[in-house]
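Engineer: Let me begin by handing over the structure; questions about it come next.
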Amino acid sequence: MRSTLAVVRTVALGRLREQPLRLVVTVLAVALGVALATAVYAINSGALSEFGLAARKLVGEADVVVRGARTGFDEDLFVRLLGDASVEEASPALEIELAPLGDHPPLAVLAVDPFRAAAVQRELVAGLGGELMALFRPASIALSAAAATELGVARGDEIQVRSGSGVQRLEVVQVLPAAAYPQRLGLMDIATAQWAFDRVGRINRIDLRLAGGVDVARFRTALEARLPPGVTTSGPAAERDRAANVTRAYRVNLNMLAMVALLTGAFLVFSTQALSVLRRRSSLALLRALGATRRQVEAALLAEGILLGAAGSAVGVLVGQAVAWLALARLGGDLGGGYLHAVAVVPRPEPTALLGFFLLGLVVTAAGAWVPAREAARAAPARALKAGDAEHAARRLRPAWPGLSLAALGAACALLPPVGGLPVFGYASVALLLFAGMLLVPATAAWLLGHVPGTRRAVVSVALAQLKGSAGQSAVSLAAIIVSFSLMVAMAIMVYSFRESFERWLGEVLPADLHMRVAQAADTAFWSAADQADIAALDGVRRVEFARQLSVYLEAGREPVQVIARRVSGESDFDGLPLVRGDLAAAPPGTARAWISEPVHDLYGLDVGHRFTLPLAGKAEMLTVAGIWRDYGRPGGAIVVDRDWYVATTGDGTASQGAIWLQPGARASDVEHAVRAEFPRGDALQVYTGGALKEMSLGYFDRAFAVTYLLEAVAVLIGLVGVSFAFGSQALARRAEFGMLRHVGMLRRQVVGMLAGEGVVLGLVGVLYGLVLGFLLSLVLVYVVNRQSFNWSIDLAVPWLQLGALSVVLVASAGVTAALSGRAATGTNALRAVREDW
Amino acid sequence: MKRLLHAMLLGAAAAVALAVGAAAQVDYPAVLPGVQVRLPADHGSHPGFRTEWWYVTGWLDADDGSTLGFQVTFFRTRPDIPQGNPSAFAPRQLVIAHVALSDPSHGGLRHDQRIARASHGLAGAEPADTDVWIGDWRLHREGDRYLARLDASGFGLDLVLERTQPPMLNGEGGFSRKGRLPSSASYYYSVPQLRVSGTVRRDGSSLRVRGTAWLDHEWSTALLEREAGGWDWIGINLDDGSALMAFRMRDREGGKLWAAATLRRPGADPVHFAPEDVDFLAGRRWTSPHTGIEYPVAFQVRAGAVTVDLEPLMDDQESDSRLTTGAVYWEGAVQALQSGTPVGKGYLELTGYGAPLALPGSGP
Amino acid sequence: MSSPDWVLKISGLVKRFQPDRPPVLDGIEFELRRGEYVAIMGESGVGKSTLLNLMAGLDRPDEGILSFYGQDLARLSDDAATRLRRHEMGFVFQAFHVLPYLTAADNVGLPLDLAGAPRPERDARVAAMLEAVGLAGHAGRFARELSGGEVQRVAIARALVHRPRLLLADEPTGNLDPRTAGQVLALLRAQVHAQGASGVLITHSRAAAETADRILVLDGRRLVPAGATA
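Chains as they are written, first to last, in the working numbering: chain A, 1 to 838; chain B, 839 to 1202; chain C, 1203 to 1432.
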């Protein structure tokens, strides 16, 4: 034991003295990976725990939540349920999304009977304090602290929201304490809401508390059978998950980034350790010769890796927590993505999670250190003492079969379906392919270098010979950059593909000159039939199409689906429905047709020709799927139905949105003004030209992915730093060689040039490899991870220009880095180095 | 009128409405002198008035030999909100119920309460006859009997209260003044000497009980004067079949602002006493360990020539409803004595000892 | 070039590494005649390697003249000195410094490659040189596959393949066993003479030095003939 410690001291401390800067950077690389992973987790869990908290407060003491579509169901159901012997308390509610005028996001409102809600959403109602009865006053609302902050109002102020095409004023009678509810929410009396928003007689939610001893599952099953079409039940757990689902897609992106960072860090550790061990083979062999056992040497090297990992992970965990805190404080739980509407999420450090990330960093680092440690310890001392053996050792990393098997496994994983709606196997596939890629680097690099044509120019041929001769070591030094670059390529292709598809899609779904909606929240904001006629009669309007969007529950426990009632004419200029399958042809008489978005196809297993029932206005309507269209706007799915059919079926002639085609010569801005002038607070209507809407959407897209680009760049930078260290250490190790070359007549600049050449060739190999690997990974991201996360398809598109430019920059950087390390290694000292023994 | 007490919690509600808009949204009928209470028509609810309550208190002898006090109250209030809302949920009327059991073996008061808007038949107060309910809590009249059934948490009452005497109109034919301003008044009648039988459930076991109770029915729009700080009230069933109701409105210094009493000998017409003929003389004091409030729990009450001493069934009959209604008060079973000899049993209500009470409709 | 008799002429050479310390070399006088093979002996640390660096134009003296065929090495630029070495000098090192990733032939051909020799001539001379050092059959083998003595033969071949006028050998047998060392030294001497070059052999071994035509001892910062101090 003591002798092992001595060996550890000799090995690890010796190295620390020898290369302090490199150790610091390796530690930082590990720290970056761990920090990113920690930060992403902390941000997610902060946001999720806030969602969870909010959902818990909304679910409260309820055992079962009965929900209908937003348009709701007859409140009579509440009376019937209250009469059920199994039901102890029932709290009727109307959940609506209000559209505050001005630049505000939709405001979720829970309208309840506070007396009954007190038995369910106890904390929420208690938050009303002494003002419980104040809610009975007409047009009054209580706001959560977050909502009041966002709207910039205090108790006693007034807010204006859209109701129909008019304006409804609401008095803020109370602002709940922040502890009562963490997110933005309005609380109204159910009678007030029914009256103000034209929902008299209808509710869309009932919270049930069951009597003691009632089997909740059995009760729900029995209840489901009795509920009207479109009304479902869910339990408290599902209610909490529902909240988490909202941001899941966004978190996919963040998870990818964390993976990029952690893997880059891991491979940087691996390559640093591997190279460092290779360099020290002779001294390690000396230790062995002096009596250190194989196990001791291995332990010493492993201990060294663990020390590095511990330092890096500790820093990473702390930095990650700090970054998460800063990011959340500044940007909110979705990093500015706009999905969460909270005042502030304060991530509380979770000791177990932090310990987990610390250990993850440690394990990854130790694994990176273990492979070379084991190799070094196994080497026969006599052989290792000889010059040139380092490469021989690196060669052992070269067999192709482990990499090929992993790749096969990764490819197989890509074919598996999602697990619980998450692309678990997709991620596994990315990870496996990445590792396979790494394992195949030595063999591939050797093969590639073997195919570089020979030359007679001494400098070049020596450089090439050196590269070919040390392909194994080169491959190791390339690992970190290949990992980060290939992941960056994969991400870049995915994001670019998404952006291209998104842009094309925008062009297709915005066929009109002007697109308009009353407000983002369509629950209470709509145009009546008379309003629609007024708009259609405006000067300059050639054609106008209105649509009604409403949310409907197709299946219990799932997000609601958006039903869009609009005209489907079969005229491609007007329909703006980007079909991937099926057609827009007119329906055979007597059958109603529906065009479903891809998420509906994926989530509900519907396909062209299938028949399904759609609950509308309390009735189950039978529809046939006529086509599947691409939709990036509604991740929960959307179903287009013919508006005439919808109006005939439901009697609902209102419209939440519309599109205007102008008469020749009419100016879009004139018509826009005319529309706005038609309604009170017309300035708050959303009327845009197709182009402006497209521009806004793309701007939003780019902002959402800005963080992605930044973090990718950091990962690549770290990879480059890793490469420069690899070059640096190689150059140092080759000082004697350079000295000899200078002796035999190689100019200093020739030596530097030779190194730069080596750098360029290596960079080229790395970049080529990274491009190919990244492309393969991007296939998995685009067709598996993306599809399974978002349930929509995107078309693969490669950003050649960006990738090309980036490749050139990387190759050049590799050359420059190598040249710089060469300059340092070819000074006068290098000449003396020929005298040093190895 | 004790019931004011509860009115207050409702009141808190309606007060908000008042505080905001100077102009009242609802035109409540006024309580006018000269208007008489007509029975049986007035047994039902009077939804136009701001507040109304049915208040039953009494003593029970259980078959296990223990003595209990009980109290069942149903309040109705009409919030001061505009009436145009077509929603069935519109809170045109609110109903509050309060039930309490004074149980010396338990060492304190068990109580529970409910509040609901009168909608969808789930809570309400019938205008035709006494019938008020929230969910399965209900008090209603069937001829000469009242039926009270309240299944509360931890205890429950299922009682039949039989009339042994005709109702007793308080004040001038049921017009009962509460202060120096004539507008501060209510319509008020009592039904004393009710014969009680039924069951009391406590902690899962049922007791058969018999006893005597007192019912008050009172409705009003404006009760308390601005200067009022609280009141003391008693309703005593005397053993000889007499009934004594007396109350005192206190000013903020504890002095007598107003007082009145009704005494009815068996078979005779009730005698009404003017403020100067009614005195409440505080006796022994008890400090609540729960709230620190000091209450006079023993009294000597004089109505004209009649004087009774009051001793509580137990000291701790304080109701702390601050969390739900904002009120802390003492309301409990008391024994009436004359020269140390028990002469009757009844209920005493003490309000405003912690902080001055505020009621809707108080003051101009 | 007037082709003087002197390959290398050193006079009054002073070299110090730190200004305030006594010089490492102080007033070295040395002449190397054409075709001469001289050994310079000395204990470790007396400045043998410094002297060799100065002779190779890899380092500059603080004082004195260092003339290679009449050219003052101290005045040459780094590039000029490098070209001079490329064409006129050959080196053999104690640690061989044979590139492990090149074949024996490519290692030997390195100076010719650097000088830009035409391919057929280069290949012919490499082959001839390998044969001369007894490695005719090892042309295609990598350095790591050769024994220590064989590697040093490759080094000797490399040092002489471009027919330098001066061969500088620094402890060429320091890493070899005595038997192999003897063979290598004999080969070195034979090849210097065979190629018509001059040579300076730096060694601390009396036995090695005795393979040279003349032995000088670096002692107390001066160069004196062997025996003068012994």
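Here a beta-carbon is modelled for each residue, glycine too, at the ideal position from N, C-alpha and C. Bear in mind that the values here come from a model prediction, so they are computed numbers and not experimental data.
#1: Measuring alpha carbon to alpha carbon, tell me which residue in A:V64, A:Q296, A:V541 is nearest A:D670.
#2: For B:S925, which residues in chain A fall below 7 Å Cβ to Cβ?
#3: I want to verify the contact list: residues of chain A whose CB lies under 8 Å from the CB of C:Y1271, in sequence order.
#4: Is the stretch 815-829 of chain A touching the stretch 732-746 of chain A, taking contact as three or more C-beta pairs under 8 Å?
#5: Buried or exposed: which applies to A:V34, given that a residue is buried once 16 or more other Cβ atoms fall within 10 Å of its Cβ?
#6: Determine whether the Cβ of A:H601 lies closer than 7 Å to any Cβ atom of chain C.
#7: Look at the alpha carbon of B:Y1025 and the alpha carbon of B:R1040, and state the distance between them as a whole number of angstroms.
#8: What residues match up with B:F1013 in a beta bridge as DSSP calls it?
#9: Quick one: list the residues of chain C neighbouring A:S470, beta-carbon separation under 7 Å, in chain order.
#10: I'd like to know whether the C-beta atoms of C:G1351 and C:T1382 end up nearer to each other than 7 Å.
#11: Look up A:W447 in the DSSP assignment and give the residues it is bridged to.
#12: Any beta carbon from chain A within less than 7 Å of B:P917's own beta carbon?
#13: Taking the alpha carbon of B:G909 as the reference point, which residue from B:W1168, B:S1126, B:G882, B:G1042 has its own alpha carbon closest?
#14: Name the DSSP beta bridge partners of A:Q160, please?
#15: Along the stretch 126-145 of chain A, what residues have a CB closer than 8 Å to any CB found in chain B?
#16: Check each residue of the stretch 1062-1089 of chain B: if its Cβ is closer than 7 Å to any Cβ of chain A, include it; give the result in chain order.
#17: Measure how close the beta-carbons of B:L997 and B:V1029 come, nearest whole angstrom, since I'm counting them as under 8 Å.
#18: Please classify C:G1214 as buried or exposed, where buried requires at least 16 other C-beta atoms within 10 Å of its C-beta.
#19: Who are the Cβ neighbours of B:D1154 in its own chain at under 6 Å, not counting the five residues just before and after it?
#20: Below 7 Å on C-beta distance, what does A:F115 contact in chain B?
#21: I believe C:L1368 touches C:I1242 by the beta-carbon criterion, under 8 Å. Please report the beta-carbon distance rounded to the nearest angstrom.
#22: How would you write the range of the alpha helix (DSSP H) that A:A839 sits in, first residue to last?
#23: Can you name, in chain order, every residue of its own chain whose Cβ lies under 8 Å from the Cβ of A:A674, other than the five neighbours on each side?
#24: Any idea if A:V808 is buried or exposed, counting beta-carbon neighbours within 10 angstroms, 16 or more meaning buried?
#25: From A:V687 to A:T192, what does the alpha carbon distance come to, in whole angstroms?
#26: Can the beta-carbon of A:F502 be found closer than 7 Å to that of A:V716?
#27: What in chain A is Cβ-close to B:P960, meaning under 8 Å?
#28: So which residues of chain A does B:A928 contact, with C-beta pairs closer than 7 Å?
#29: Sort out for me which residues DSSP pairs A:W595 with in a bridge.
#30: Would a C-beta distance cut-off of 7 Å place B:S1035 and B:R1015 closer than the cut-off?
#31: Ignoring anything shorter than 4 residues or poking outside the stretch 1100-1177 of chain B, list the alpha helix (DSSP H) runs there in chain order.
#32: Go through its chain and collect everything with a Cβ distance to A:A118's Cβ below 7 Å, but skip five positions before and after it.
#33: Take B:L1151 as the anchor and find which of B:Q931, B:Q1138, B:L1186 has the nearest alpha-carbon.
#34: Spatial neighbours of A:G338 within its chain, please: C-beta separation below 7 Å, excluding the five flanking residues on both sides.
#35: Counting pairs of beta carbons, one from the stretch 222-232 of chain A and one from the stretch 608-618 of chain A, are three or more of them closer than 8 Å?
#36: For chain C, find out if any of its Cβ atoms is closer than 7 Å to the Cβ of A:G753; answer yes or no.
Structural biologist: The relevant details are as follows:
#1: The option with the nearest alpha carbon to A:D670 is A:V541.
#2: Against chain A, a Cβ distance below 7 Å from B:S925 picks out A191, Q194, W195, V200.
#3: Against C:Y1271, chain A offers no close residue; the least beta-carbon distance is about 16 Å (beta-carbon pairs closer than 8 Å).
#4: Contact between the stretch 815-829 of chain A and the stretch 732-746 of chain A is present, with at least three C-beta pairs closer than 8 Å.
#5: It is buried - the Cβ of A:V34 has at least 16 other Cβ atoms within 10 Å.
#6: Answer no: the Cβ-Cβ gap between A:H601 and chain C never drops below 7 Å.
#7: In a straight line, the C-alpha of B:Y1025 is about 35 Å away from that of B:R1040.
#8: Under the DSSP definition of a beta bridge, B:F1013 partners with B:E1010, B:Y1025.
#9: In chain order: Y1303.
#10: For C:G1351 and C:T1382, yes; Cβs fall inside 7 Å.
#11: The partner list for A:W447 (beta bridge, DSSP) is empty, contrary to what the question assumes.
#12: Residue-level contact check: B:P917 touches chain A, since one or more beta carbons of chain A fall below 7 Å from its beta carbon.
#13: For the record, residue 909 of chain B in the displayed sequence is Gln; it is not Gly. Of the listed residues, the one whose Cα sits closest to B:Q909 is B:W1168.
#14: The partner list for A:Q160 (beta bridge, DSSP) reads A:R169.
#15: Residues of the stretch 126-145 of chain A with a Cβ closer than 8 Å to any Cβ of chain B, in chain order: G130, E131, L132, M133, A134, F136, R137, P138.
#16: Those would be none; no residue qualifies.
#17: Taking C-beta atoms under 8 Å as the contact rule, B:L997 and B:V1029 fail to qualify, at a distance of about 14 Å.
#18: Exposed is the call here.
#19: Scanning its chain for C-beta atoms nearer than 6 Å, with the 5 sequence neighbours on each side dropped, one finds around B:D1154 the residues G946, in chain order.
#20: Counting only Cβ-Cβ distances below 7 Å, A:F115 has contacts in chain B at I953, A954, R955, in chain order.
#21: C:L1368 to C:I1242, Cβ: 13 Å. No contact.
#22: One cannot answer for residue 839 of chain A here, as it falls past the ends of chain A, which runs 1 to 838.
#23: Excluding sequence neighbours, A:A674 sits near L538, D539, G540.
#24: Taking a 10 Å sphere around the C-beta of A:V808, we find fewer than 16 other C-beta atoms and assign the residue as exposed.
#25: Separation of A:V687 and A:T192 (C-alpha to C-alpha, rounded to the nearest whole angstrom) is 30 Å.
#26: Contact flag unset, no.
#27: Checking the sequence, you will find Leu at residue 960 of chain B rather than Pro. Residues of chain A passing the Cβ test: V79, L82.
#28: Ordered by position in chain A, the residues that pass the 7 Å Cβ test against B:A928 are A191.
#29: Paired residue(s): A:G627, A:V640.
#30: Not in contact: B:S1035 and B:R1015 (Cβ atoms no closer than 7 Å).
#31: Here no run is fully enclosed.
#32: Around A:A118, the same chain offers V125 as residues with beta carbons nearer than 7 Å, after the five sequence neighbours per side are excluded.
#33: Nearest of B:Q931, B:Q1138, B:L1186 to B:L1151, Cα basis: B:L1186.
#34: With a pLDDT of only 44 at A:G338, under the threshold of 50, the placement of this residue in the model should not be trusted; the figure read from the coordinates follows. Closer than 7 Å at Cβ, skipping near neighbours: no residue.
#35: At 8 Å Cβ cutoff, the stretches touch.
#36: Put simply, the CB of A:G753 is far from chain C, with every gap to its CB atoms at 7 Å or more.
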